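The structure appears below as structure tokens.
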């Protein structure tokens, strides 16, 4: 028996190259020192050691196939991301926007490809629970030296749940918790570069920082850019009075691309204090770059990474290291927020759900209907202690809503792939999500079962929702205006008009402009979040109301002019939006053009001509163009 065991182990090492830990576990199992799962014991009893060996080889092959699928996905993902630099060099903004959209659909494509390969190569019906547990163990071993282990685990979860008709929202065979720490992972090249202004001088350090960034274009006037940065640094109200001996500036090696700008993201370390800064680089028409601003205020930095903006294109070998760097100076953002912001929206989704489970364990408040006007298409609920809302589509829509479930889903997915210009909330889409039944108020559970019975399942102690969207909770604009003073209301109405204009410039007409469909962030920014009626702006027909033909026309119950399904009459906006004359005056002070059909037609023409709007994710007054030379 001893010789047979040695022969089998030799064969195992030769064929599978298992690491030392797994080999020790197998040896102990063969000697019955460590009990293996009961099914594996029975398998060994039926088929002997060869059967056990074959099972381990199958498990390793299955795990390797899934990891190979992830590695292919990540390689293609980086290839698409790297194109952002070339698009910036050429000034091809539309191509950069397509890169963002292409990456979003890439993940699901690779998952389905991996599932298809597994089904073609393996008889999955014969693989029992014990063998799937072994597959997971093998997969964990393969991730020990991997540079994206957290992403690979999420990919594994997607493949595993996609293999079965039953969705495994409670299962030991997926990575509910991460198994590999990403705390000290770094790539072949350092994640960030360090500069020492107190040693080499501010101008020399800033010049080196800008020239070492791999932008691919010459600076229009590097000396001027450095001079403007130094001048702004001297005026910062929160700048440290005394620089420590080891004061340094750290800048991420990866350049962040989005829309028409490239961003250098860094932090200044002065002892224990950290000061974030971001340098947006813009391109001139003749192919040179200039520093547009020095972004240091916390609200501006946070808005750059807002959930209402499309994802950055950031080429990095180790995403966790970039997220760790960003978390050091963005305390208001979560790991989920930042993975999503740099383009790994599936990882952001996984991190969110883990954080939500932790929050449920450490809280006791109940899920309730979200504040605000009840919607005709969505049922929305929230956990008061958690800053998100959960939205599920109702089974039936009250008149005058004329849409379908699939149309609503398609519009949310369209927005996700679109440039959100800082004005449209991002969403995570979930399927078969389990909530503790005890955390629902009876009123909410009755409401959900009444509004969407096809989407709500009661299974033991869980409420399982088949399909829902999750997004950041905002203060509905209608509620904000009711409670705000005159100055705050005027600011919010100016923001409201700015939001409509930004969305229109991105090629979208919001459709339903009622205040209840907009929300106010904690930074005072107005965001749109109801996508039931959005349409491409080119689809609309913006018209002026023709003058009445006779005095009787003005008093008629029906309009004296024809109205088509795509007709929009902007001059009517003021009538149905502003019940308060003060609100109407405050809005018209900044946005009277939104009430004119000619303005909307001009936006349509710009979008149709391929115009790409200048949307700055920071306040305009900090731009260097505003600073006298």
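Numbering (our numbering), first residue to last: 172 to 800.
Think of the CB as a built atom: it goes at the ideal place given N, C-alpha and C, for glycine as much as any other residue.
The structure presented is a predicted model; accordingly, all values stated were derived computationally and were not measured.
Handout entry: Simplified DSSP state of residue 441, which is helix, strand or coil
Key = strand
Exercise for the section: Could you tell me which uninterrupted alpha helix (DSSP H) segments, each at least 4 residues in length, are contained entirely in the segment 306-354, listed from first to last along the chain? Expected result: Assignment of alpha helix (DSSP H) within the segment 306-354, counting only whole runs of 4 or more residues, yields 320-333 in chain order.
Practice task
May I ask you to report which of helix, strand or coil DSSP gives residue 512?
Solution key: helix
Handout entry: Where residue 638 falls: helix, strand or coil (DSSP)
Key = strand
Practice task
May I ask you to list the residues that DSSP assigns as paired with residue 738?
Solution key: Answer by DSSP bridge pairing, in chain order: 712.
Handout entry: Spatial distance of residue 607 from residue 238 (CA atoms)
Key = 33 angstroms
Problem - Residue span of the beta strand (DSSP E) that contains residue 364, given as start and end - result: Segment 363-366, the beta strand (DSSP E) holding residue 364.
Exercise for the section: Report, in whole angstroms, the separation of the C-beta atoms of residue 652 and residue 698, which I expect to be a contact under 8 angstroms. Expected result: Not quite, the Cβ-Cβ distance comes to about 15 angstroms (not below 8 angstroms), so this is no contact.
Practice task
Quick one: using the 10 Å Cβ neighbour count with 16 as the cut-off for buried, is residue 377 buried or exposed?
Solution key: buried
Problem - Separation of residue 381 from residue 862, as counted between CA atoms - result: Here the chain covers residues 172 to 800 and nothing more, so residue 862 does not appear.
Exercise for the section: Please name the residue or residues paired with residue 562 in a DSSP beta bridge. Expected result: Answer is 551, 640, bridged to residue 562.
Handout entry: Nearest-angstrom Cα separation, counted from residue 709 out to residue 780
Key = 11 angstroms
Exercise for the section: Identify every residue that forms a DSSP beta bridge with residue 852. Expected result: Nothing about residue 852 can be read from this structure; the chain reaches only from 172 to 800.
Exercise for the section: Give the C-beta separation of residue 501 and residue 473 to the nearest angstrom, bearing in mind that I take them to be a contact with Cβ-Cβ under 8 angstroms. Expected result: Under the criterion of beta carbons closer than 8 angstroms, residue 501 and residue 473 qualify as touching, at roughly 7 angstroms.
Practice task
Locate the alpha helix (DSSP H) running through residue 732, then write down its first and last residues.
Solution key: Residue 732 -> no alpha helix (DSSP H), and no H or E assigned at all.
Handout entry: Between the CA atoms of residue 302 and residue 668 - distance to the nearest angstrom
Key = 58 angstroms
Practice task
Would you be able to state if there are at least three C-beta pairs under 8 angstroms between the segment 668-681 and the segment 564-572?
Solution key: no
Exercise for the section: Please state if the CB of residue 679 and the CB of residue 559 are separated by a distance shorter than 9 angstroms. Expected result: no
Exercise for the section: Check whether the segment 615-624 touches the segment 499-519, counting contact only when three or more Cβ pairs, one atom from each stretch, lie closer than 8 angstroms. Expected result: no
Handout entry: Any non-hydrogen atom of the ligand GTP closer than 8 angstroms to residue 542 Cβ
Key = With respect to small molecules bound, the structure shown includes none, and the ligand GTP cannot be examined in it.
Problem - Burial state of residue 200, where buried means 16 or more other Cβ atoms lie within 10 Å - result: Caution is warranted here: a pLDDT of 43 is assigned to residue 200, below 50, making its placement in the model unreliable, and the coordinate value is therefore given only provisionally. Counting every other CB atom within 10 Å of its CB across the protein chains shown gives residue 200 a total of 16 or more, marking it as buried.
Problem - Given 8 angstroms, three or more beta-carbon pairs between the segment 277-289 and the segment 326-335 - result: yes
Exercise for the section: Report yes or no: do three or more beta-carbon pairs, one from the segment 227-238 and one from the segment 272-282, lie closer than 8 angstroms? Expected result: no
Handout entry: Three CB pairs or more closer than 8 angstroms across the segment 683-692 and the segment 713-720
Key = no
Practice task
Give me whichever residues DSSP pairs with residue 704 in a beta bridge.
Solution key: Looking at the DSSP assignment, residue 704 forms no beta bridge with any residue, so it has no partner.
Practice task
Pull up the distance between the alpha-carbon of residue 581 and that of residue 250, whole angstroms please.
Solution key: 27 angstroms
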